[in-house]
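Numbering (full-length UniProt numbering), first residue to last: 1 to 607.
Glycine included, C-beta positions come from ideal geometry on N, C-alpha and C.
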């Protein structure tokens, strides 16, 4: 039986009481009277789109179960033992269950029940999370399932994300549309900008997406890249990966309220600075943080809607601009005036973060198939969403590189189609920044949850809200966004890229090490390259990382290195706190042992 059928938390209904749990176990043991067992379909109404029990139905079903138990007890006493079908081993009799119901007790569990990671059965949140099978003999090869008193953290208030929402979640984690690519034209001109967004994905985006597909399906849990690095290099470096990637994501998220206000300040000049801008930044951050709190499926389908609305005006602008296009404008280049630092950082910022979706793997429906498909479609969507608007913008109006700054697409829209198209593009930009904010925060907050489930962070980071979202992670990420929103556009890009580069180096090393250390491990999706081919695939992006790091400003280098040192010290401090018992840590016992393989158990790495 699918335990989701008896998981009323999704609609905010109270959990099953001990008495009700015992009654259900009795109702699911009809063999004593020769009744056929209920099919899984009958016991899993969610699979057929039915609604869960309402509060009234919940109590009415409890009443009916009491009636059934009473009738079965009466029948067993009337007919005698000769007329009864013997109960299989391990199944309580009707009289036993009736006595237990009256006594408000639960039947004793068999030895197969799993224990908590801490080795105790305290009711403070460490209750067993796994289903316990009750042997039912060989009858119809059926098996009954005991229902744990506390539902699994994997399914409470959680609905899995399918392919289409996941495509747009990746789209917004990586891109969000052409808003922010304007600086590439200012830095290098039309030709290099177009070539950059055609060639750069082959050097960086494709390898990163392929590695994410292989490793994300190998480790389908919310820890994502933190788990990859931990399994290859140990928990210390896994924590460093999580710290640098989370900090990079929070810095990145601080950019979107800034971009949002930059696009609409021409329509509302009061938002250009001062107190109104500060209040608008805070209000927008609180609103989008609440959207994250309401659940990942809300974010996913919201991303689909925002994605369609933010890309459609560029399709309209493309048709309008056809008579004005001049292909010769696309070929303009001046290598002597190229700002390589700004150019590479803009390309890097607009085409990275493919691995962010790995921190949502535990929330994805059938990630072993869904994740590779979503990454493929998202890659096409992202590259098309950059090239098409750049062709329109650079080919339809005379070039003035100084004007190509953040928000310039709205000015192009006015010159091409009029004021109405400008307002539409501004609205699309605002919606795009909202989409990028909520998806990035989802990835960052679920990463903290995954780290807490692995015992790297305090236990309270692993707690979920009634919507299935990591409340502590969301609040922590939102606080970081507010603190960093005062940085300038270029400083934000450079700072996040610097930290992100360190994290990607650890990912490449972990990917190669796992290929070499566990060549026979199960990989639902595997890049069709051997060890040598995998190493060669990682060489170009690694060279690019070194170039980006070398071109960073001194201020960004100093600040980023200080952040790295903080992470190096923080992990031992947290271990000391855990050892002293000052803050509670715990590990999710449902997750596989990452380091068991080092002791001869290869399967423990992947099961």
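Check                                                                                                                        : Outcome
Helix, strand or coil at residue 584 [DSSP, three-state]                                                                     : coil
Neighbourhood of residue 587 by C-beta distance below 8 Å, restricted to the same chain and skipping five residues each side : 117, 453, 454 and 455
Cβ-based neighbour list, residue 256, same chain, cut-off 8 Å, excluding 5 preceding and 5 following                         : 433, 434, 436, 437 and 440
Cβ pair residue 418, residue 178 closer than 8 Å                                                                             : no
4 or more residues per run - each alpha helix (DSSP H) lying fully within the segment 487 to 567                             : 489 to 517 and 531 to 551
Three-pair Cβ contact test at 8 Å for the segment 522 to 536 versus the segment 557 to 570                                   : no
Segment contact, 8 Å Cβ cut-off, at least three pairs: the segment 444 to 451 with the segment 260 to 277                    : no
7 Å CB neighbourhood of residue 214 in its chain, flanking five on each side removed                                         : 523, 525, 526 and 527
Short Cβ contact (8 Å threshold) for residue 360 with residue 222                                                            : yes
With 16 other Cβ atoms within 10 Å as the buried cut-off, status of residue 530                                              : exposed
Where residue 332 sits in the DSSP three-state scheme                                                                        : coil
Of the listed residues 308, 192, 358 and 235, nearest to residue 337 (C-alpha basis)                                         : 192
Residue closest to residue 491, alpha-carbon to alpha-carbon, out of 341, 243, 383 and 263                                   : 341
Member of 218, 176, 262 and 240 whose CA lies at the smallest distance from the CA of residue 426                            : 262
Cβ-Cβ distance between residue 238 and residue 226 below 8 Å                                                                 : yes
Nearest-angstrom Cβ-Cβ length linking residue 365 and residue 160, presumed shorter than 8 Å                                 : 4 Å
Between the CA atoms of residue 507 and residue 229 - distance to the nearest angstrom                                       : 6 Å
Cross-strand partners of residue 454 (DSSP beta bridge)                                                                      : 587
Counted within 10 angstroms of its Cβ, other Cβ atoms place residue 515 as buried (16 or more) or exposed                    : buried
The segment 391 to 400 in contact with the segment 322 to 336 per 3-pair CB rule at 8 Å                                      : yes
heavy atom of the ligand SAH below 7 Å from residue 328 C-beta                                                               : By its list of ligands, the structure shown contains no ligand whatsoever, and the ligand SAH lies outside what it can speak to.
Bridge-paired residues (DSSP) for residue 161                                                                                : 364
Spatial neighbours of residue 209 in its chain, beta-carbon cut-off 7 Å, leaving aside the 5 residues before and after       : 354, 375 and 379
Integer Cβ distance of residue 548 from residue 253, believed to fall under 8 Å                                              : Not a contact, Cβ separation roughly 20 Å.
Option in 475, 496, 590 and 493 with minimal Cα separation from residue 293                                                  : 475
Rounded separation between residue 310 and residue 572 - CA only                                                             : 45 Å
Span of the alpha helix (DSSP H), counted from its first residue to its last, around residue 646                             : Since the first and last residues shown for the chain are 1 and 607, residue 646 lies out of range.
Touch test, the segment 299 to 315 against the segment 278 to 287, Cβ-Cβ under 8 Å, three pairs minimum                      : no
Option in 204, 411 and 429 with minimal Cα separation from residue 542                                                       : 204
Candidates 517, 459 and 277: closest to residue 231 by CA position                                                           : 517
Local Cβ density within 10 Å of residue 272, reported as buried at 16 or more and exposed below that                         : exposed
Environment of residue 245 [buried if 16+ CB atoms lie within 10 Å]                                                          : buried
Pairwise C-alpha distance: residue 449 and residue 150                                                                       : Confidence in residue 150 is poor, its pLDDT being 37 and thus under 50, which makes the residue's placement too unreliable to answer from.
Neighbour-count burial assignment, residue 60, 16 or more Cβ in a 10 Å radius                                                : Per-residue confidence for residue 60 stands at a pLDDT of 49, beneath the threshold of 50, marking its modelled position as unreliable; the derived number appears in the next sentence. By the 10 Å Cβ count, residue 60 comes out exposed.
Cβ neighbour criterion (16 or more within 10 Å) applied to residue 570                                                       : exposed
Per-residue burial, residue 362 [other beta carbons within 10 Å of its own, 16 or more giving buried]                        : buried
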